[in-house]
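Enquirer:
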Amino acid sequence: MKVGVYDSGIGGLSVVKSLLAHQLFQEIIYYGDTARVPYGIKDKNTIIRYALETVEFFKNFELDFIIVACNTVSAYALAEMREIATCPVYGVVEAGVLACGNSLKKKDSNILILGTKATIHSKAYEHGLAHLGFTNLQAKATGLFVPLVEEEIYSGPILEETFKYYFKDSTPPDAIILGCTHFPLISDALSQYFKTSTKLIHSGDAIVEYLEKEFTFKKRFKNPQMKFFASENPDALKLIAKKWLKES
Ligand code: DGL
């Protein structure tokens, strides 16, 4: 069981963390397009072009699955990737929508969708959730969280101010979709900010839940082989991976 995990940069490591926790794969090949991050402010055609290049890159590895950890790519390029891929391709948006549906009983639950500009603009989460019958949706592009997480700011006054800036008019939601790879790293701060029992939908856990439902994983792999590739400065990616994944 060999999986390729694709993200625009380092954020997809939050998805790798979930895969490791559930020991689903024997080999994980991670590709971060660090030379061209962020994708979240780019247009649809550019995102699709980058995504197709990544499918070609992954063809070198005889993968069993590709997981698109990047919400922005999942929102725009999944169908195009599936057309040219030689293995199944799964994205975190579909999985996140289903996970949200499974964890909320009431269709009028207040769901706050957070993501990059591109993800929010695509309305991919809104369409998916509306399809499941959810009626009370708010969506907010919160791109400033991306550089904050990259700076390893997971709490404290700057983040607090950013929360106030984005959420001053938001009522505490029943659930928040962390619709960007970076946002799980500020989930504790988000919960504290809203001070309610808000459910947080995490892309990594959602994709694991999805795969476990779709497939029977007969074996678990405690120490999978991992390889990290990046379009720029792979050593920096490897260093961050060491740090982010160390408790897995
Ligand atoms: N990986 C992106 C996502 O999940 C966030 C960073 C970016 O804008 O490229 O949408």
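All residue numbers for the sequence shown refer to our numbering, where the first residue is 742 and numbers rise by one.
Note that beta-carbon positions come from the ideal geometry of N, C-alpha and C, so glycine has one too.
1. Given that a residue counts as buried once 16 or more other Cβ atoms are within 10 Å of its Cβ, and exposed if not, what is residue 783?
2. Should residue 799 go down as buried or exposed, given a rule of 16 or more other Cβ atoms within 10 Å for buried?
3. Confirm the yes/no value for this check: CB of residue 749, any heavy atom of ligand 3, distance under 7 angstroms.
4. DSSP puts residue 746 in a beta bridge; with which residues?
5. I'd like the list of long-range same chain contacts for residue 969, defined as Cβ closer than 7 angstroms, with 5 residues on each side in sequence excluded.
6. Count the other C-beta atoms from every protein chain shown that fall within 10 angstroms of the C-beta of residue 868, then say buried if there are 16 or more, exposed otherwise.
7. So does the segment 884 to 897 actually touch the segment 954 to 968, counting three or more Cβ pairs closer than 8 angstroms?
8. Can you list, in chain order, the residues of its chain with a C-beta nearer than 6 angstroms to that of residue 832? Leave out the 5 residues immediately preceding and following it.
9. What alpha helix (DSSP H) runs, 4 residues minimum, are completely inside the segment 874 to 956?
10. With DSSP run on the structure shown, which of helix, strand or coil describes residue 856?
11. Which one or two residues does DSSP pair with residue 831 in a beta bridge?
12. Pick helix, strand or coil for residue 969, following the three-state DSSP scheme.
13. Would you verify that the beta carbon of residue 885 is, or is not, closer than 8 angstroms to some beta carbon of chain B?
14. Quick one, which of 900, 904, 825, 743 has its alpha-carbon nearest residue 803's?
Expert: With the given structure in hand:
1. In this structure residue 783 is buried. Its beta-carbon is surrounded by 16 or more other beta-carbon atoms within 10 angstroms.
2. Burial call: buried.
3. By its list of ligands, the structure shown excludes ligand 3, since it contains just ligand 1.
4. Per DSSP, 771, 808.
5. Here the set comprises 771, 975, 978, 979, 982.
6. Burial state of residue 868 is exposed, judged by a 10 Å Cβ sphere holding fewer than 16 other Cβ atoms.
7. Two segments are said to touch when three or more pairs of C-beta atoms, one from each, lie closer than 8 angstroms; by this definition the segment 884 to 897 does not touch the segment 954 to 968.
8. If the five residues before and after residue 832 are omitted, its C-beta is found closer than 6 angstroms to the C-beta atoms of 809, 815, 819, all from its own chain and listed in chain order.
9. Runs found: 886 to 891, 898 to 908, 928 to 935, 944 to 955.
10. Here residue 856 sits in strand by DSSP.
11. Note: residue 831 sits in a beta bridge opposite 808.
12. Residue 969 falls in the strand class under three-state DSSP.
13. Absence of chain B from the displayed structure is noted, only one protein chain being present.
14. Residue nearest to residue 803 within the set 900, 904, 825, 743 is 743 (criterion: CA-CA distance).
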